[in-house]
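Here the sequence shown stands for residues 2 to 995, numbered as in my numbering.
For each residue, glycine too, the CB sits at the ideal point set by N, CA and C.
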Amino acid sequence: MKVFYVMRRVLLLVLTFAAFAVQAQTGIITGKVIDETGLGLPGVSVQVKGQSKVSSTDVKGNYRLTGVSNGAVTLTATYIGYRSVDMDVTVQGNTVANFSLKPDAQNLNEVVVIGYGTAQKKDLTGSITTVGAKEFQQGNITSPEQLISGKVAGVSITSNGGAPGSGSTIRVRGGASLNASNDPLIVVDGVPFSSNLLPGATNSNVIAGVGNPLSLINPNDIETFTILKDANATAIYGSRASNGVILITTKKGKSGAPVINFSTVNSYLTVAKKVDVLSADQIRAYVNANGTADQKALLGTANTDWQDVIYKNVFSTDNNLSIAGAFKKVPYRFSGGYLDQKGSLQTDNLTRASAALTLNPTFFDNHLKVDLNLKGTLSESRFANQDAVKAAIQFDPTQPVYASNQYGGYYEWVGSTGQLNPNAPRNPLGLIEQKTDLGKADRSFGNLRLDYSFHFLPELHVNANAGYDVSKGYGNTNIPYYAAQSFGTSGSSTQYNSVQHNKLAEFYFNYAKDLKGINSNINATAGYGYYDNSTTTYNFTSYNGLGAVISNPVFPFDTQQNRLLSYYGRVVYTLADKYILSGTMRADGSSKFSEDNRWGYFPSAGFTWKAINEDFLKDSKVLSDLKMRLSYGITGQQDGIANYSFLPNYYNSANEQQYYIGGQYYHFYTPIAYDRNLKWETSTTYNAGIDYGLFKGRVFGSVDVYFKKTKDLLSTVPIPVGTNFSNLLLTNVGNMENKGIEASINVAIIKSDDINWDMGFNATYNKNKVTNLSLNPDPNYKIGAGDITGATGTTLKWNAAGYNPGSFFVYKQVYNEQGAPIEGVYQDLNNDGVVNDQDKYFYKSPQPKVILGFTTSFNYKKWTLSTVLRGNLGNYIYDNVSSNLGVSRNVLSPSGLINNAGSNLLETNFTANQFLSDYYVRNASFLKMDNAGLAYNFGRISPNRSTTLRFTANVQNVFVISDYKGIDPENSTGIDYNLYPRPRTYSLGVNVGF
């Protein structure tokens, strides 16, 4: 027993001495990181170079590293937006190392998210732009894409209107397709948002029950946008990348004490501009001067501004709370948000509740990194009846809003027998208040990503990503039986419900190794992806307002599904930190195509010369960066088209359209046109670019020149009768080209302790045209691309070889000596003595030739003044309001009523409509001030200096400068008729941090 006792004592003594020995061999490094103003910087990463020891500063900027081996080590302090700093430290027990970081406007060492990996900004080989949270637009922001509007060269973001949460048309270097999707691929934390095309939908990314699927992402959760523009950057996404890729990275937790942040933005929305129509007195004067006795008798005594009746000024609030920190060394961030936005149109409203959770632990001495991202949103909308927008500009202003009648008390045009006039517009307020359109949308998406570096080979990483995107959209629409808008069916009651299930699994290896013997680095990636997307639409019986059945569905539901299998790889070779050669390859197999055409192959190659690292430039006192890029690549397109267009499809006749045979009713199946040889639409892109920096990064930017050619366009074209089951067929036909130049410049005009003034400007010139549109070249062949209101069956916009997509095809107007258009008189362009269809010509396009963006921020001590301006040059718009309503025949209607007209009537004095006159194609070039903001940052205000406070004030849609006299020159369709006006918004915000 004594022997065991002695052994225990000896063992305890040995362990004690060993512990002291180990402690003597390691030390602790503590310190503080401050910014250029002397304040502590929270969230700075401090790492022992070449080791896994890493720490993050707390809210006061303090950090602590334990267990660091005694001796000489190098510490690196990094923070987004600041220059990284290396410091050599000799560790001996407790060691103090303080850092002072300076802002880095150019931020070349910033790590940028790219497809299936990351890279330092200075090492990028493709055309890539990153926009961080500090650069986002401010104010009443309800949808993520609004954050970067006007911020990125080559990217056009056009709001689709002023409805709450309304979406935007996003174009990266113009569109690459005619009938397939032109929307960029959007990837959020590694989860791609699929393009599930619902039956009857025209947008490739639709969720029922909400106006804009992207509005189901809380903008307050977003950290950065990374826009991949050229094929070298996008080709690794293969078949979904022809229109560019937008990578969204959300905010994550950081090591350290919990940080709580609360922000609230409260806004007042006003109608910035209304359509210029005639007043009640002007209508009375016009009718009395030009109308018959019967028409004069129709005039009322009221003075109603119908646009004032349907629009209102409203309040909106957006509130967000987040907590971020680390729990037992597991970084986390949890956030919740609530938005209540009312629309300018009566009854319009959107509420959104959102939550997000991220966990980012590491295991096995940082060899295994885990990223868990979960996000969920519940939204409720009441959609106002936007038919009221066009009714308000046409309805007779001499009539009252209300009347004693059988139509709910709203004034309506009726005949002598009391029946509704079928050719009259309906009461605008009645259209809104007698239609209840309620929608709900629930969405959850997220993923689990694992990054493991092998202990025996730390340069080799294996990555796995499993994700989902599930949404449910449902709602109902009710119109009472007595409402004039659906009096023929005695009202209506309908409901809808659709569910989307999107799943993905990705697995890839990454190997990165410095080859010091040959002064090189190699970075290789190879992986596999599986994507399954399905949408189930449920069908319901529809009723009228009295409860009688209008129609019964043939099937209770319909499921649309598609799958994509992918193999991809990338190799990046760097020599002497000067020359970078990269190549990617992706093979995609899509269920949307037959087995013969199922697989598409999408390669790319890029070369970069970091000239600034050459001996003759690296000591330059003027140049701080000079990098030249060349790239080539092929990308594909299969989004935005139906899932089964290559297969024989049949649709069943409705229950109300059964055939009676032999004493019994039968459903009949009708075949749908299909193309068994349908295949990938492919785009080949060439890009040359220069990234530059001057005067230690005080001036920096880039210039890119690109050329993109799309072949095998997916287009719906007319075909000879009898060759298929329809006269229209989705098939591969034709080519299109995009070419342009984009440039950006950023200048730190003033940098000092008290005053900082930054300015950024970007410009893009883009020209696109269809080069072929038929299987057999035909210079006169064209395909309709857009009709107009008021002229049923009249096509205004066409696609044709040699012209911009969607160009206007019109007659050339003749004018009198005073410069006024002569009604019905057009030029005989082919000089055959007759003016007919052969004299129409292609005139202008809705697409701008030049897109401009300007941002500036002026900071004086704790005050910040900022603004964002955007401009388009060379875009044209068709004034459908004037062409349809600005004629005498509209005001003095032969249908027994009086209508209102646009003010253009007094300029032309046209009697009848001249829909295809180029007079109505107007130059819509514009300059807009999107945002003007003033902020005051109190900084840390609590005794322990952990509480921060910031006030903001913003105005959005400040002013518009344009020759176009319509409601808004910015219109993605190019036809101005039923645009929900974009509001002018005044916002006050408070941000508090603890």
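In this structure the segment 296–311 touches the segment 884–899; the number of beta carbon pairs closer than 8 Å is three or more. For E507, the enclosing beta strand (DSSP E) has its first and last residue at 493–516.
Scanning its chain for C-beta atoms nearer than 6 Å, with the 5 sequence neighbours on each side dropped, one finds around A525 the residues Y512, V572, in chain order. Taking a contact as a CB-CB distance under 8 Å, the pair G474 and V211 counts as one, their CB atoms being some 6 Å apart. Distance from the CA atom of P822 to the CA atom of D919, rounded to whole angstroms, is 10 Å.
By alpha-carbon distance to S889, the top candidate from N900, E818, T686 is N900. Residue burial is scored here from C-beta neighbours: P423 has fewer than 16 other C-beta atoms within 10 angstroms and is therefore classed as exposed.
At least 7 Å separates the beta-carbon of P780 from that of S345.
Non-local C-beta neighbours of L582 in its own chain, meaning closer than 6 Å and more than five positions away in sequence, comprise Y574, F608, ordered along the chain.
Judged by pairs of C-beta atoms under 8 Å, the segment 707–719 touches the segment 175–190, as three or more such pairs exist. Taking the C-beta atoms as reference points, N763 is found nearer than 7 Å to G854. In the three-state reduction of the DSSP assignment, N800 falls in the strand class, which pools E and B. Exclusion of the five residues before and after N656 leaves S552, N553, V555 as the residues of its chain whose Cβ lies within less than 7 Å of its Cβ. According to the DSSP assignment, L695 belongs to no alpha helix (DSSP H) but to the beta strand (DSSP E) extending over 682–695. In the pairwise beta carbon analysis, the segment 927–939 is classified as not touching the segment 907–918: fewer than three pairs are separated by under 8 Å.
With fewer than 16 neighbouring CB atoms inside 10 Å of its own CB, H668 falls in the exposed class. Fewer than three beta-carbon pairs drawn from the segment 311–320 and the segment 397–407 are found closer than 8 Å, and the two stretches are therefore not classed as touching. The three-state secondary structure of R699, taken from DSSP, is coil. Here S160 is near S169, since their CB atoms are less than 7 Å apart. DSSP, reduced to helix, strand and coil, places D190 outside both helices and strands of the structure shown, so it counts as coil.
Here DSSP, grouped into helix, strand and coil, assigns T77 to strand. Between the segment 280–288 and the segment 212–229 there are fewer than three C-beta pairs closer than 8 Å, too few to call the two in contact. Within a 10 Å sphere around the beta-carbon of D309 sit fewer than 16 other beta-carbons, which makes this residue exposed. For W681, same chain residues with a beta-carbon under 6 Å away, outside a window of 5 residues either side, are G601, G637 in chain order. For the pair G377 and Y483, the CB atoms are not nearer than the 7 Å cut-off.
The alpha helix (DSSP H) runs of length 4 or more contained entirely in the segment 269–353 are, from start to end of the chain, 281–291, 294–298, 307–311. Residue nearest to D438 within the set S943, H456, I480, V700 is I480 (criterion: CA-CA distance). Between L379 and D306, the C-beta spacing is not below 7 Å. Distance from the CA atom of S355 to the CA atom of I218, rounded to whole angstroms, is 8 Å. In the same chain as G872, and ignoring 5 residues on each side of it, the C-beta atoms closer than 6 Å to its own belong to L853, L928, in chain order. Remark: C-beta atoms of N320 and T265 approach each other more closely than 7 Å.
In this structure F100 is buried. Its beta-carbon is surrounded by 16 or more other beta-carbon atoms within 10 angstroms.
Scanning its chain for C-beta atoms nearer than 7 Å, with the 5 sequence neighbours on each side dropped, one finds around A577 the residues N520, in chain order.
Comparing C-alpha distances from V993 to each of I324, P557, G118 shows the shortest one belongs to I324. In this structure, the alpha-carbon of I968 lies about 19 Å from that of V956. Residues of the same chain with a CB within less than 6 Å of the CB of T478, apart from the 5 flanking positions on each side, are D438, T495 in chain order.
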